[in-house]
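One structure below.
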Amino acid sequence: MAETIVLPLSCVRDELLSLVPDDDDGMVMDLLGRADDRAVRNAFQPAPQSGSGWVSNLRLAKAVHDWIGKRKAGQTGTSFGQDLSVRIAQIIAERRLGFALVLELSQVASTTRAASADLLQRVGNNLRADRNMEGAAWSYAQARATYQEYARSIVADNPYQVPELGLLSQVRATVRGTLAAQAYKAAADVSQKLAEITGNPSDLEQAKSLAASAIFFAPTGSLRASSWATLGSASQAAGNNAVAVPAFTAAQREGFSALWARRALHQSVAKLGDRPPEELGERFLRDNLLTTLGRING
Numbered sequence: 018m019a020e021t022i023v024l025p026l027s028c029v030r031d032e033l034l035s036l037v038p039d040d041d042d043g044m045v046m047d048l049l050g051r052a053d054d055r056a057v058r059n060a061f062q063p064a065p066q067s068g069s070g071w072v073s074n075l076r077l078a079k080a081v082h083d084w085i086g087k088r089k090a091g092q093t094g095t096s097f098g099q100d101l102s103v104r105i106a107q108i109i110a111e112r113r114l115g116f117a118l119v120l121e122l123s124q125v126a127s128t129t130r131a132a133s134a135d136l137l138q139r140v141g142n143n144l145r146a147d148r149n150m151e152g153a154a155w156s157y158a159q160a161r162a163t164y165q166e167y168a169r170s171i172v173a174d175n176p177y178q179v180p181e182l183g184l185l186s187q188v189r190a191t192v193r194g195t196l197a198a199q200a201y202k203a204a205a206d207v208s209q210k211l212a213e214i215t216g217n218p219s220d221l222e223q224a225k226s227l228a229a230s231a232i233f234f235a236p237t238g239s240l241r242a243s244s245w246a247t248l249g250s251a252s253q254a255a256g257n258n259a260v261a262v263p264a265f266t267a268a269q270r271e272g273f274s275a276l277w278a279r280r281a282l283h284q285s286v287a288k289l290g291d292r293p294p295e296e297l298g299e300r301f302l303r304d305n306l307l308t309t310l311g312r313i314n315g
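Residue 297 in my numbering sits at position 280 of the sequence shown, with consecutive numbering throughout.
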């Protein structure tokens, strides 16, 4: 008896969508782009409602898929702002039309990889607020990887080779260094959000390495201070108070005065007790940056 192999629907997505009529009049995309929130909720809610002008999953997927193809080919000037792109991506995720379509939309609707990562993070935030933890975790993981790809493209010419420390040091205190620090800081924050969903220690470990990478490149100021706070928060969540204490202390020294960070420092100090804190000097930052750059695929 022949073995039956069941493949996910996404494997035949393009073939299936080819059988769906085109959105020639642009009704679906126009509705997404111009209708008020109530009309959008009626048309794109997960379950159909009679008399609401509901748009089916296949029609929605076909319209977005074709719009993405036209954008890639430069055949349409229609574009959406990030707020609208987030709404469309969230609808796709809620309808369970495939995360690949969300990722394609984020790439085509954004002008840079950083903007694409921002979009994915916002989608994750919205899905998490709606208790769609599977979708939120996927969005956060994609956002983290995209932030890392963007940062790596700034500091390394070869995406598959870790650059020498001398070259990395030359990027510090430059505009490129600030952009890399912003991306690594955002990736660290997303990695912490992901850890809160998955409970996976490796997500917290990545948050720590990413935050240290942000500190390596960040100039003095609020970006560096908040990166120290993120390092402290991720380390505390992982139970590593020997890192959390000096990280929170550095954050306060650099000007980060949020109440939650001061409270977290007191908690970590109490838990650390008489044990010595770690030295978070240049070697610590460098080693964590090399760890981050060693993760070729995020």
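All C-beta atoms, glycine included, are put in the ideal place defined by N, C-alpha and C.
None of these values were measured; they are calculated from a predicted model.
Kindly indicate the opening and closing residues of the alpha helix (DSSP H) around residue i.
| i | result |
| --- | --- |
| alanine 255 | Segment: none, alanine 255 is in no alpha helix (DSSP H) and carries neither H nor E. |
| asparagine 305 | 299 to 311 |
| asparagine 74 | 74 to 89 |
| threonine 222 | In the sequence on display, residue 222 carries glutamate and not threonine. Segment 218 to 234, the alpha helix (DSSP H) holding glutamate 222. |
| glutamate 111 | 99 to 111 |
| serine 285 | 276 to 289 |
For residue i, tell me which candidate among the options has the shortest Cα-Cα distance.
| i | options | result |
| --- | --- | --- |
| arginine 112 | Val125, Val72, Glu121 | Val72 |
| threonine 191 | Val172, Ser243, Asn74 | Val172 |
| aspartate 304 | Ile232, Leu144, Met44 | Ile232 |
| alanine 205 | Pro294, Ser244, Gly216, Asp291 | Ser244 |
| alanine 246 | Ala117, Pro236, Arg270 | Arg270 |
| glycine 216 | Ala255, Ser239, Ser186 | Ala255 |
| aspartate 100 | Ala278, Ser127, Leu297, Leu289 | Ser127 |
| serine 186 | Asn143, Glu299, Leu49 | Glu299 |
| glycine 98 | Ala90, Val45, Ala132 | Ala132 |
| aspartate 47 | Trp84, Ala117, Leu75 | Trp84 |
Suppose contacts are defined by Cβ-Cβ distances below 7 angstroms. Is residue i in contact with residue j by that definition?
| i | j | result |
| --- | --- | --- |
| valine 207 | tyrosine 157 | yes |
| serine 230 | leucine 307 | no |
| leucine 122 | alanine 134 | no |
| serine 102 | leucine 136 | yes |
| arginine 130 | glutamate 166 | yes |
| alanine 235 | alanine 198 | yes |
| asparagine 258 | leucine 289 | yes |
| alanine 242 | glycine 272 | yes |
| leucine 282 | phenylalanine 301 | no |
| alanine 146 | leucine 114 | no |
| alanine 261 | serine 252 | yes |
Query raised in the report: For the stretch 142 to 153 against the stretch 202 to 217, are there 3 or more C-beta pairs whose distance is under 8 angstroms?
Result: Yes, since at least three Cβ pairs between the stretch 142 to 153 and the stretch 202 to 217 fall closer than 8 angstroms, the two stretches touch.
**Report entry** Whole alpha helix (DSSP H) elements within the stretch 114 to 147, 4-residue minimum
**Finding:** 116 to 126, 130 to 146
**Report entry** Those runs of the alpha helix (DSSP H) which lie wholly inside the stretch 149 to 193 and span at least 4 residues
**Finding:** 150 to 172, 182 to 188
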